[in-house]
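**Q** Counted the way UniProt numbering counts, the sequence shown spans residues 1 to 264. Yeah, the Cβ is synthetic: ideal placement off N, Cα and C, and Gly gets one too. Following this message is one structure expressed as structure tokens.
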Amino acid sequence: MVFTTVTHPHPLVWQLTLSQPPDNRMTPDALHEMMRRLDQVEADWRRANAGKPPGEWQGGALIVTGGGPKFFSNGLDPETTKNPDFTKGLFDPFKNRLLTFPLVTIAAINGHCFAGGFMMALCCDIRIMTGGRGLLSLNENVIGIPLTAAGTELVKMKLAANYFTPVALGDRFNQKQALAAGIIHEIVDVSRGPNGLLERALEIGVGEGPKASWGVWGAIKENMYRTVIDACAIPRGPRSVELDELFWARIARQERELAVKAKL
1 MVFTTVTHPH PLVWQLTLSQ PPDNRMTPDA LHEMMRRLDQ VEADWRRANA
51 GKPPGEWQGG ALIVTGGGPK FFSNGLDPET TKNPDFTKGL FDPFKNRLLT
101 FPLVTIAAIN GHCFAGGFMM ALCCDIRIMT GGRGLLSLNE NVIGIPLTAA
151 GTELVKMKLA ANYFTPVALG DRFNQKQALA AGIIHEIVDV SRGPNGLLER
201 ALEIGVGEGP KASWGVWGAI KENMYRTVID ACAIPRGPRS VELDELFWAR
251 IARQERELAV KAKL
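Now the structure itself:
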């Protein structure tokens, strides 16, 4: 089963869509697939810049959105969160990967955005939301799940201090309230039509993507969000030759697996 798709609507912009009806839950299989998609996008971007000196790289942006008209994401599978290894073993690494992704990341929030979906959106650099139907809530407190240390640090890093308590308590925010709180940066009016949100996300990606042309945006974010990374207990640091070799080895393995599946 395919949970996500990646498209390339502009030379500078990729789009990752989570399609897990009815509410785009982030199951373990979906998270693993999103991690592979992020690798795929980074590999495409780095291949496009192979041999170019820093400063002459083609920048880039990644749009993250949900499939369907109602949900960006309703968060994690409740049964999965009962596994004590799930957060440290998969969800924290996913959040870190997206949070420090080397391209400019844009959350195009197309509907309700709850719990783990709220976290996924916060991991993006720029967050825009439809002016139509949709609420946002980090509702772990409401459903009796403690907010993790990494989740707490992420909220503290991304939002103004005076909004931390209502967000952590699970208050629901409509678009105007979310804009005032800094949860989102822009509301896309429904007058732009059914494709208006993604069209606006593409405009932002084309405008902001070139700023990643030096190839250091990911490293800057690693330092900027160091407290989140430390709370996840995931070692990070400047990209080295060894890490590059590990990255390309992972890409080669994924491409071999895809080639085998294509023959089945």
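1) Go through the region 156-224 residue by residue and report every complete run of the beta strand (DSSP E) that reaches 3 residues or more, in order.
2) If we require 4 or more residues per run, which alpha helix (DSSP H) segments fall completely within the region 82-151?
3) Kindly indicate which residue of F71, A115, M129 has the alpha-carbon position closest to the one of L81.
4) Below 8 Å, can you find three or more Cβ-Cβ pairs linking the region 82-98 to the region 21-33?
5) Taking DSSP as the reference, what is the three-state secondary structure of W14?
6) Would the region 203-211 and the region 67-78 be scored as touching if the rule is three or more Cβ pairs under 8 Å?
7) Are the region 186-197 and the region 143-158 in contact at 8 Å, needing three or more beta carbon pairs?
8) Taking all protein chains shown into account, do 16 or more other C-beta atoms lie within 10 angstroms of the C-beta of P238, making it buried, or fewer, making it exposed?
9) I'd like the list of long-range same chain contacts for D39, defined as Cβ closer than 8 Å, with 5 residues on each side in sequence excluded.
10) Which first and last residues belong to the alpha helix (DSSP H) in which T227 is found?
11) Do you know how far the Cα of K52 is from the Cα of T130?
12) Within the continuous alpha helix (DSSP H) that includes A43, where are the two ends?
13) Could you give the distance in angstroms between the alpha-carbon of I183 and the alpha-carbon of V260?
14) What do you reckon, are the CB atoms on N15 and P9 nearer than 8 Å?
15) So which of N139, T100, G196, E257 has the shortest CA-CA distance to F173?
16) Is the Cβ-Cβ distance between A61 and L18 less than 8 Å?
17) Hey, would you say G205 sits closer than 8 Å to T100, going by beta carbons?
18) DSSP has S73 in a bridge; who is on the other side?
19) Beta-carbon separation of A121 and T65 under 8 Å?
20) Shortest alpha-carbon distance to C123 belongs to which of G134, N96, C113?
21) What does the Cβ neighbour count give for L98, buried or exposed, with the cut at 16 atoms within 10 Å?
22) To the nearest angstrom, report how far apart R256 and V104 are at their CA atoms.
23) To the nearest angstrom, how far is it from the Cα of P78 to the Cα of D244?
24) Taking E199 as the reference, which of G117, W57, D23, I63 has the closest Cα?
**A** So, from the data block:
1) DSSP runs (the beta strand (DSSP E)) wholly in the region 156-224: 186-188.
2) With a minimum length of 4 residues, the continuous alpha helix (DSSP H) runs that stay inside the region 82-151 are 92-99, 116-122.
3) Reading off the sequence, residue 81 comes out as Thr, not Leu. Comparing Cα positions, the closest option is A115.
4) At 8 Å Cβ cutoff, the stretches touch.
5) W14 sits in a strand when the DSSP states are folded into three classes.
6) Flag = no, the region 203-211 and the region 67-78 do not touch.
7) By the Cβ rule, the region 186-197 does not count as touching the region 143-158, because fewer than three pairs are nearer than 8 Å.
8) Residue placement at P238 is flagged as unreliable, the pLDDT there being 49, under the threshold of 50; the coordinate-derived value follows with that caveat. That one is exposed.
9) Non-local C-beta neighbours of D39 in its own chain, meaning closer than 8 Å and more than five positions away in sequence, comprise F247, R250, I251, Q254, ordered along the chain.
10) Membership of T227 in the alpha helix (DSSP H) is indicated by the continuous run 226-232.
11) About 38 Å.
12) Where A43 is concerned, the enclosing alpha helix (DSSP H) stretches over 28-48.
13) Looking at the two C-alpha atoms, the distance is approximately 42 Å.
14) Inspection of the sequence shows that residue 15 is occupied by Gln rather than by Asn. Yes, they are a contact pair.
15) Closest by alpha carbon: N139.
16) A61 is not a Cβ neighbour of L18, given a cutoff of 8 Å.
17) In this structure, G205 sits away from T100, with a CB-CB distance that is not shorter than 8 Å.
18) Answer is C113.
19) Judged by beta-carbon spacing, T65 lies beyond the 8 Å limit of A121, meaning their Cβ atoms are not closer than that value.
20) If we check each option's Cα against that of C123, N96 comes out closest.
21) Buried: at least 16 other Cβ atoms inside 10 Å.
22) If I take the Cα positions, the gap works out to 28 Å.
23) Cα-Cα distance, rounded: 35 Å.
24) For E199, the nearest C-alpha among the options comes from I63.
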